[in-house]
Structure formats: C-alpha cells, structure tokens
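One structure below.
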Amino acid sequence: MADYAQLGFGAPLVLPRLIPLFAPTHPSSASSVICPGILTALACKLAFCLNSQSQTPQNISSHNHSIQPTQSQPSPARLQHLVMRCSLAAASLTPLFAALITLTTASFALPSSILSHQLETNIFQSRADSNNNGSSSSSNHKTISPSFDVTKCNGYQLVGEPNESQHGFTASLSLIGTPCHAYGVDIHNLTLSVVYEKKHQLHVHIYDTAKQQYQLPNGLIYSYPSSNPQEVQHGSTAEESDLIFHHTAENRTATHASWAFWIARKSSGDVIFDTRPSNIPTYDEGMNNVSADTKRNSTAMPKHELIFENQYLQLSSALPQDANIYGLGEYVTGSFRRDPNQTLQPFFTLDAGTPVDSNMYGYHPVYTEARRGDDGKLRTHSVFMQQTSGMDVLLRKQTVQFRAIGGSIDLRFFSGDASFPSDTDKNEVTNSPNTAISQYVNFIGKPVIHPYWSYGFHLCRWGYNNVSETQAIIDQMRDANIPLEVQWNDIDYLQSFRDFTVDPQRFPQSEFSSMIKGLKDNHQHYIPIIDMAIPKAPTNSSDTYYPGTRGDELDVFLKNKNGSEYIGQVWPGYASFVDQQAKNAGQWWTEAIRNFSEIVDFSGIWLDMNEPSSFVIGNAAGPETNLSDTPAYTAATSVAGWPQGYNNLTWGNSGNITVNGTYTYRDGPVQNNDQSSSSQRRSLLPVLSPEHDVNLAKRQQGGSKYGANDPDYQYHNSSQRYVSNPPYAIHNGIHISETELNTNLDKKTVSMDAVGVDGKREFYDVHNLDGTLEEQHFYQALSTIRPKERPFLISRSTYPGAGKFTGHWLGDNYALWTILPGQEAYKAGAGMAQSIDGVLQFQIFGIHLIGADICGFNRNSDEELCNRWMMLGAFLPFMRNHNTIGAIGQEPFRWESVANASRIAISKRYEILPSLYSHMGQSAASGEPAVRALWYEFPQVFEQTKDFAHQFLFGDNLLVSPTLEPNVTSIKALFPSAGGKWRNIFTYEALDVEADKNVTIAAELSTINVHLRPGKVLLTHTQPGYTVYETAQSAFGLMVNLNEQGEAKQSFYLDDGMTPSPTPNSTLVVSAANGMVNGSIIGDYKTAQNLSYVVVMDVKQKPNQVTMMNGNTAQFEWNQSKSLLNVTGLDADLNSKWSISWS
1 MADYAQLGFG APLVLPRLIP LFAPTHPSSA SSVICPGILT ALACKLAFCL NSQSQTPQNI
61 SSHNHSIQPT QSQPSPARLQ HLVMRCSLAA ASLTPLFAAL ITLTTASFAL PSSILSHQLE
121 TNIFQSRADS NNNGSSSSSN HKTISPSFDV TKCNGYQLVG EPNESQHGFT ASLSLIGTPC
181 HAYGVDIHNL TLSVVYEKKH QLHVHIYDTA KQQYQLPNGL IYSYPSSNPQ EVQHGSTAEE
241 SDLIFHHTAE NRTATHASWA FWIARKSSGD VIFDTRPSNI PTYDEGMNNV SADTKRNSTA
301 MPKHELIFEN QYLQLSSALP QDANIYGLGE YVTGSFRRDP NQTLQPFFTL DAGTPVDSNM
361 YGYHPVYTEA RRGDDGKLRT HSVFMQQTSG MDVLLRKQTV QFRAIGGSID LRFFSGDASF
421 PSDTDKNEVT NSPNTAISQY VNFIGKPVIH PYWSYGFHLC RWGYNNVSET QAIIDQMRDA
481 NIPLEVQWND IDYLQSFRDF TVDPQRFPQS EFSSMIKGLK DNHQHYIPII DMAIPKAPTN
541 SSDTYYPGTR GDELDVFLKN KNGSEYIGQV WPGYASFVDQ QAKNAGQWWT EAIRNFSEIV
601 DFSGIWLDMN EPSSFVIGNA AGPETNLSDT PAYTAATSVA GWPQGYNNLT WGNSGNITVN
661 GTYTYRDGPV QNNDQSSSSQ RRSLLPVLSP EHDVNLAKRQ QGGSKYGAND PDYQYHNSSQ
721 RYVSNPPYAI HNGIHISETE LNTNLDKKTV SMDAVGVDGK REFYDVHNLD GTLEEQHFYQ
781 ALSTIRPKER PFLISRSTYP GAGKFTGHWL GDNYALWTIL PGQEAYKAGA GMAQSIDGVL
841 QFQIFGIHLI GADICGFNRN SDEELCNRWM MLGAFLPFMR NHNTIGAIGQ EPFRWESVAN
901 ASRIAISKRY EILPSLYSHM GQSAASGEPA VRALWYEFPQ VFEQTKDFAH QFLFGDNLLV
961 SPTLEPNVTS IKALFPSAGG KWRNIFTYEA LDVEADKNVT IAAELSTINV HLRPGKVLLT
1021 HTQPGYTVYE TAQSAFGLMV NLNEQGEAKQ SFYLDDGMTP SPTPNSTLVV SAANGMVNGS
1081 IIGDYKTAQN LSYVVVMDVK QKPNQVTMMN GNTAQFEWNQ SKSLLNVTGL DADLNSKWSI
1141 SWS
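If you read the sequence shown in UniProt numbering, its first letter stands for residue 1, the second for the next number, and so on.
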C-alpha cells in the first residue's frame, strides 16, 4: 500500500476530505456540476465523474471535515463502487489526476469498515433526532463542541408540580442557564422518577424525557419494575419504606442552587447517599495513582452539579470520612475493601488478564457500604447503578462519583434492614451485610444451583496438545490416588481453533470419545472450552464449516454500518461475532451446541474470551480479503517468572521446595523477566493483525499517548454521538493495556460502531452485556438439549444477573503469593491472596460459584505455593487447577508434598461436601452470600477485619484461615467471640486462644486451618471416595460443636444434586440441647442415605450411655482430652424424626 503521508496527503484517506469540495452545488443532473474558482479542473473532473455515475441527489455538508449523511446520500459501499468505476478512466487523464483517482480508489480497497473506522474521528453517528435541545439545525452550519470543562455546568432545577402516586412520584427537571457541553451535548429536559418498589428497595431514575438514551431493556437479562410509579404493582410507599427520599425542592422549597437529592435511613436518620454539592468536597488536582490526566479524562473533581449529556453523565455523592466500600468490580487490588481516598474503577468488559487497579472481565457497578453509627451499631446498605455503557467510578476522600458515557442515572438503594416479629407490638428491625447483599441479588436474579458433581476437583491446562497427553494426565491422577472429578481441555482440542470442532489428527474421534466414555464410566466428567468468536468460514469453496454457513443463513452475525458483516480476529484468525439480540441468535446457538454434543459428550461448557475479545482494532476484513490467509499461532515453549522467594537461576526449573536438601526459599526481588513473559499471557498475546491494519491505526492515532490528534468534535444535537471515540475517555485498561485515547474503546474487542443485524443497535450500547447474553443462550440451549440435567457453565465475562446462568472463574491470574509491591504490581496481576478477595466480591455480585486458577495460570508455579493453594482451593466454591502453555506442569502429582496436601484437602472437601453444597443451595434460594467476610457474621470485629480478607467464612459456620505467605509454619489469625470454642475440623481440637484478637496458630506445610463455629453443625459423608458420586453413596455423619450453653443448631439443604430448578428439595434441621441431638426433615426430597455417626464436641463428662429415639442403646467412644463424644453404628433414617441422647 502507498504511504499517504509521503505522497503529501495529511491523512491516509483522501476521499472524505475531497468530497465536500467535489460535491455539486446543484445536484439536479450530471451536467450541473459547478466548479468554484478555488477548485482545480482535475477536481471538477472527479466531481463530475462521481455525480454522473451516481445519478442520485447528494447533500453532503462539510463542517470542520464532518460529513453529514442525509437520506439521499449513497452508502459507503455505494461511494466505494462509484469511485472504483471512476478509476477506470484514470488512464485517459493527466498523470496527476490519474494518481489522485488511483490513490482514492486504493483507499476504498481497504476492508470497508477499516475505512469506516478511520473516518470515526470525522464522522459522528446519528440516531432518531427528537431532541434538538435548542441547538441550531445543520442547515445553519452551527455545531456544538465539548468544552471539556465541568466547572461551567450549572446543574438542573425542578420545574412544575411533581406527579404523585401511591408508590412514588415523577417530576420534570430542566437545565439551568447556558449549556456547558462538557463532554457532549447537554440534554435540557429530564424526568425524575422516584419509586418505592419494596420496603427495603428504593428506585431513583433520572432519564432524558425524550428517551433517546439507551437503557437496559426490561426482561433482557432480568426484569424490573417500571419507572412510572403509577404502573408499579405490589410496590411499597414512602410511609412503609426503610429509606426516605429527600430533595432540595420538596415541599415547594424555593432554592437558587441546583437541584439535588439525598437518601436517609428511616430507622437511624443516617444519610446514606447525598448529592448536594455543598456537602461534597471538591478536588482541583487529579489522583496520585493515575499516570496522566488530560482534558478528556481528568480525575479532578472541581464541581459536583448533576451533568446529563448525550455522552457524559456525572453524579456525585458525599461519603463519610474513611468510608467502607465493597464491590464496584470486577477488580484486583491489595484489599477487599476499596480505597476510599484513591480509587479509580473503570467499567468496561476487557480481555486484560487480572490487572491491578483496572477494569477486567466483569461489569458490576454495585457497592455495599458499612457504617458504624453513633449508637455503636454497624449498618450496611447496597447501591446499584443500572447502566450498560462505559463508565468510571471514582472514590476520593468523602466522595463517590459516577461518570458514564451514555444511558441514564438509574439508581437503586437497598437498606439491608429486615423485620422480624417480636414480643412487643412493633417488629424488630435487624440490619446485616448478608441482607443488604441478598436484597440486591434478589433484584437482579438469584444464582442458579449447580450440579453436585461440579463441586469436585477440576483439572486443566492450556497445552494438553492431544488426546494421549490428556489421557495420561487422567491416568496419573488415578495412579497418585488424587481425586479427579472433571477433566478439561483448553483450545488445544479444536481444529484450527474453530469453535464446535475437534482436531482429527490430535484428537481423533474414536480416541477422544473413548477417553470421555472412560471418564463417564468412572463417574467422572469432561468439559471443553468454547470461545466467543466464531471463525469466518467457510473460507473458500473447498472449506466446510457449518456453524458459519448456518449463521449466515439465519443472519445472526454483527454487521458494519454499511450492511457488510463485521469481522474481527481471534485464535482462528478472521472471526464473526454473534449479535446476541438477533431474532435467530438463540436458535443458532442451540443448533450449534446440539450438533457439538453429538461429537463431544461434554458435561458442561467453559465460555472464554466473551468480553468479547478481538485482537484487532476495528473491522479486519472486507470482500477483497483472502479469508484463507490466516496468521498462524505459535505456542510457547517456556514461560518466565516465578513466585516470590524462588529463583530458577539458582535452583533450576523444578520449583522444588528443597534442592539437594536445601530449602529453596530466599528473600529478595521477585524473579520476574516480564518483558519475555508478557507475550505468553493469554490476555496480552501479540495482535494477529495484518501489518497494514496496524500501521493505518498508528497513522490515524498519531501524536502522544493521550491523543494529540483528538477529533474536532462537532455535534449538531444530542441525537448524534461519537461511538468509537467519545469526548470523555474512560480509563479503559489503565495500568495494563493503555493506548492512545482515540482507540480507547476499540482495543481488544469488537468496534463500538459495529451494529446488530437490525443495522441500528450499536455495539457501543451493548458491549458490556455481550458475555452474559451469550451465557443466557448457552444456559437455555443446554436446558433444551438435556432437559433432565442442570446446565453447568463457567464463564469469564459477567454482568448483573449472570449468576442465574453461570459460575465464574477469576481469570488469568499469576503464580504469586500476592500482588507485587508498588508499581511492580502493574507488571503482573492477582496472586493466591487475591483469590479470596475475588470470591467475596462475586458474592456481592450474585455469582456464588467462584474460584481461582489454583497454583496460578501465568508464570511457573512452585511446590510450596502449589501446596498451600491446593489446600485453600479445597474450601472455595469452585476448585480447579489450571495453568498456561509453556509453564512447568503444576498438576497435583508433580510434587509429592503437593500430592499429599491435595489428597488431604480434597478428601476433607468431599467429606464435608453436604455442608458446602447446603450453603450453596441456601444461597441460591435466599441470595445471601455463601462465602462471607468475618464481619458479616461478627460485627464486633469489623474494625480489625474490614480491610483485608485473610480469613473468610464458608456459610455461617466454617472459618477458613489459609496460609498466604511462604517460609512460615505459623500464621496470625483472628477468632471472633462466638460463645464457645472453635474446633479444628481435621483434628477436632478446641482452639484455646483469646477471642477477637490476632493470635498465632500453627500452620505446617500440607495443612490448613479450618474451624467449626461453636453452636454449629456439619453434615458429612462418612467415606470420601475418588469421585463425588462414590462419596455420595456413603452414609451421612454429623459433627456437632456445642456452645457454652451446650447447644447447637443448623439447617441443611438437600436435593438429588442433578434435577434442574425448580428442584424437589428438603431441609434437614439438626438441634442439640440438654444432652440430646435430634433431627427432622421438611420437604419433598427423600434421601437414600441414612445417618451413620454423630460426633459431639465439648461434652465435658463421659456419658454412662447413649440412647437412640427408639430406646436402643448406641455404641460410643469418649475422648477426654478433646471432650469429644463419638456415637457410631446408628443407621438412622434422616427422612423421619430421630434423636440420640446421653446421660
């Protein structure tokens, strides 16, 4: 291709800059071309040619190089056709004109939407225009330019009388004074809606009255009440509500300040959200941890008036000093609690690994806040911003600020209060984080309950290159007697990385089917990966790829604005992307999955790369592209980087904890080699892009890192948008994959100006929904194909409501103990310690089946880290070991100490699986978190535990205290005062330490501290087996830990672990008091296994006898040193009432 700069043109694309000059002033006929004196004859000839070929009236206006299409303007494809026809006459023209026309035509030889993407800085996108907001029409040649200055924004005022109704009110807001146009076009007329949806749930929605801004379609992922309170059924009232809405114009209060509102808790009077600018501190300087601020993305906060523009919305709220905010993710940082003074959290789903202090796979703009009141009580509430567009949320001292590049301000507040009957006339009101979280989760949809087998141990790696290697791993796990429930394959099994295919050479059908059958015969399971991108195939007449052919037939793939198919690039090369809202999308996915299930007998599906990820900026191909010319992917042969304390330059690449009898851990710098290792991170692999595409993008971007060549933004009204390059640049990929701001949104994903099959639904508005909509399609497809089985999905990208369809793994983490210190953190990502933070944050987000890649995905792991991580992973909801291609093997059998730790940990996990599963089942029913921070259950230790999640609770009864650092045999841990002794579930030993303080406890290698809360009970399987199925055939047992009053109580969720929801289930209630343990069951499900034993802890005297309900005596042993009573040989039917007593 020609280098346009060398030819003297200021941009690679000539035609858009020439068309305004060439366009006829009176387009009635070809002969009416008039050439002003400033135009050369050569330009007139080209104009005449274009006009005579088109025979279509033209009206292309030039406003600072902006092209304004009208109905009569030809499409980009039509213009391409015209210019190419004009080029046929080039040989008969002067050499200069021939060069010009040939150059112009060469520009159109580019793939059509690469060309369109280059024009993005000059062309804004237009929607139906019904709100000019007082701006002049295009015929007056007046445009609106962003001021990049929020200090000129005066906010809004309430006008007229509110429209009151039983469940709330609506009112009109009008812009005050002169529009500021900070990062778009101010919208003059807004509607305020306040709806008391439930006693605990208050909805505040501020939207453009004309409803031009995109809003999440009701029912697309979850359903929600109308913003019109008159249409709300079964709502609450202001009198009943836990929360009170106040605003500056209530009771007809006159004010000269801009309108604002605040939310107060009725029970305490605490203000939990306050948008009054006078109560919010301002900041003239940007944040310290942001590398650079520009006019397009400054983190300063000089003013807090409400801003509502077509491409920029801003709302601020006051926060308490040192606020306690949790959520706002998906994120990786140094603590579970968000830094209240310096947090910049972008919201935009991004294929970026597990970067520190950046956005990544998930989009969850919800937070839970905890405050200690003047009365000493800890109260918690949740705040959710319902949005779909890109967004920044900033936390600075005493301030939270939302900045969105589209949509509306759609907030819901959840009080965290619950009322219970009391002995007095009034109900007792309690507040807890579990309630605040569950109220939000119930709104977006409670998490699905997953099959029982899915709580077994899963194993995978990127790099099992053929069926023989995969089978060898299965065999080695069996030989080492390390339980393996589910074997996975990464993209290695695919033919040319094409979804829904199997490589016939490396995974021949007969051998592959035999491997999967062998797993199933042994009650094990198999899961393959499916990526979001669909290969653009067939690529030629000899190629066959039915999903591609069928997708074209059903018209399900995203398009460019000119109607051609949008093409990206991922592992298979050129790739299409499904428009998840297309009419036939569900049918296409179901057919593809059904056909795939007939060649691969999978038990579930792993959905990856569904942010969605694409390795090029903009459209990658056009009609002229040779789709068979796909760049080859070359696998890594080695990976650099090791955990803290291990240096392979000294000890070699074994990762062993000892070498020749010497302990390998050493203090010192982390063995990093980031420059050589970064290319093998799945999220940062080299862009598989044609060189000309990369060069064109570079030439277009130009300038400095923060965009010296910013577009000359020119709006005519609020219905027009710059979708690939909006004026406000969210901090997408900050610290990890920053690029010039002009490609800020299009990097590593589908271009924002791609559209749905309807030609209207721009990807700009739905990008963040894409992964969850795919998960919804898969869930529904699996439910259709296998109606008697629970679908099992593990997915990467998530949006509110995704928990109804899928579990989640925490992405491409690192073989590190924790994130690296300081700026070094940005060279890697999440370590083992951050897996706890990740699991806790996703409980807030309503996705409860969560786990991390055990031993780490990126880098090489080592024996000590893997030993500790396998122990930790056994007590998280989802347990999978997975690592990257080229790294040393980290399967549990690789090191003997890890093999031993794995056998111990998995055996205990399987033993207590009925209890873990019960917590997950109860969470699916209630929406409460299954995994909890300590202060959720014990508010008295909030101040000690609010920052870091070094310990956690599984349910309300199991306290897990993992070892999170190397070279130690003891750890610091805190055990809350709980009315008795915490008991180690491995040894039954009582913990005799001071409560509510950090104390030192033993933590030898191949152990983990897990303790049962006093007054609580565990339901167990008596004989943990190699698989979950084998384990579940054994009888049940009970571990009962009596409190200081000699009491305990626990309820357990029971079902068959397989039937889809709604599932027949029962609740087993176990109680202990006065020297007796009894149980009863309520519900439809009948368990086949009886109760075999009961271990009762804290029985201080040896009983004379133990008696069953039928009067028969039972066998028992009593351990004096542990105060432990072990009653065996019971064979009690759990489906009936039963009891044992001792005296």
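Each residue gets a CB set at the ideal place from its N, CA and C atoms; glycine is no exception. None of these values were measured; they are calculated from a predicted model.
| Item | Value |
| --- | --- |
| Please name the residue or residues paired with W606 in a DSSP beta bridge. | I529 and I794 |
| Can you tell me whether H506 is helix, strand or coil according to DSSP? | With the sequence shown as reference, residue 506 is identified as Arg, and His is not the correct amino acid for it. Reduced to three states, the DSSP call for R506 is coil. |
| Helix, strand or coil for M477? Go by DSSP, reduced to three states. | helix |
| Can you say whether S32 is buried or exposed, counting buried as having 16 or more other CB atoms within 10 angstroms of its CB? | Any answer about S32 is weak, because its pLDDT of 34 lies below 50 and its placement is not dependable; what the coordinates show is given next. Exposed, by the Cβ-count rule. |
| Rounding to the nearest angstrom, what Cα-Cα distance links G1015 and P892 in this structure? | 35 Å |
| If we require 3 or more residues per run, which beta strand (DSSP E) segments fall completely within the region 420–447? | 428–431 |
| Pull up the distance between the alpha-carbon of R868 and that of G846, whole angstroms please. | 28 Å |
| So, under 8 Å CB-CB, S193 and T209 are touching, yes? Tell me the CB distance rounded to an integer number of Å. | So it is not a contact: roughly 11 Å between Cβ atoms. |
| Give me the Cα-Cα distance between A636 and Y799, rounded to the nearest whole angstrom. | 32 Å |
| Exposed or buried, S679, counting other C-beta atoms within 10 Å across all chains shown (16 or more means buried)? | Only weak support is given to the placement of S679: the predicted model assigns it a pLDDT of 37, under 50, and the question is left unresolved by the model. |
| Which residues mark the beginning and the end of the alpha helix (DSSP H) in which V898 is found? | E896 to E911 |
| Contact between the region 439–456 and the region 921–936 is defined here as three or more beta-carbon pairs at a separation below 8 Å; is this criterion met? | yes |
| Mapping DSSP to helix, strand and coil, what is Q720? | strand |
| DSSP on residue 1179, reduced to helix/strand/coil? | The structure shown does not extend to residue 1179, since the chain is modelled only from 1 to 1143, so the question has no answer here. |
| Just curious, the alpha helix (DSSP H) that H256 is in, first and last residue? | First-last for H256: undefined, no H or E at that position. |
| What residue range does the alpha helix (DSSP H) around D837 cover? | M832 to I844 |
| Among G456, P669 and F878, whose alpha-carbon lies nearest the alpha-carbon of Q524? | G456 |
| With a threshold of 8 Å, are at least 3 pairs of Cβ atoms found where one atom belongs to the region 399–417 and the other to the region 368–383? | yes |
| Using a Cβ-Cβ cut-off of 8 Å (strictly less than) and excluding sequence neighbours within five positions of P1084, which residues of its own chain qualify? | For the record, residue 1084 in the displayed sequence is Asp; it is not Pro. Around D1084: P1064, N1065 and S1066. |
| Compare the beta carbon distance of G184 and N310 with 8 Å and say whether it is the shorter of the two. | yes |
| Under three-state DSSP, which class holds D392? | strand |
| Quick test of the definition: if touching needs 3 or more C-beta pairs under 8 Å, does the region 477–488 touch the region 937–956? | no |
| Output the distance between the C-alpha atoms of S654 and Y464, rounded to the nearest integer angstrom. | 19 Å |
| From K303 to P612, what does the alpha carbon distance come to, in whole angstroms? | 35 Å |
| Taking DSSP as the reference, what is the three-state secondary structure of P535? | strand |
| Mapping the DSSP letters down to three states, classify E197 as helix, strand or coil. | strand |
| Check for me: the alpha helix (DSSP H) holding W488 runs from which residue to which? | Not the alpha helix (DSSP H): W488 falls in the beta strand (DSSP E), residues V486 to N489. |
| Could you give the distance in angstroms between the alpha-carbon of S268 and the alpha-carbon of I244? | 11 Å |
| Which residues in the same chain as Y728 place their Cβ atom closer than 6 Å to its Cβ, once the five residues preceding and following it in sequence are excluded? | Y183, Y312 and I405 |
| Please return the same chain residues whose Cβ sits closer than 8 Å to the Cβ of N584, not counting the five positions on each side in sequence. | L554, D555 and V556 |
| Which residue from V400, T333, K152 and A949 puts its Cα closest to that of L319? | V400 |
| Would you mind reading off the limits of the alpha helix (DSSP H) that contains Q587? | A585 to S597 |
| Per DSSP, what are the beta-bridge partners of G851 in this structure? | W809 |
| Taking the beta strand (DSSP E) that N1043 falls in, what are its first and last residues? | Taken as a continuous stretch (DSSP letters only), N1043 belongs to no beta strand (DSSP E), as it is neither H nor E. |
| Could you give the distance in angstroms between the alpha-carbon of W589 and the alpha-carbon of S227? | 33 Å |
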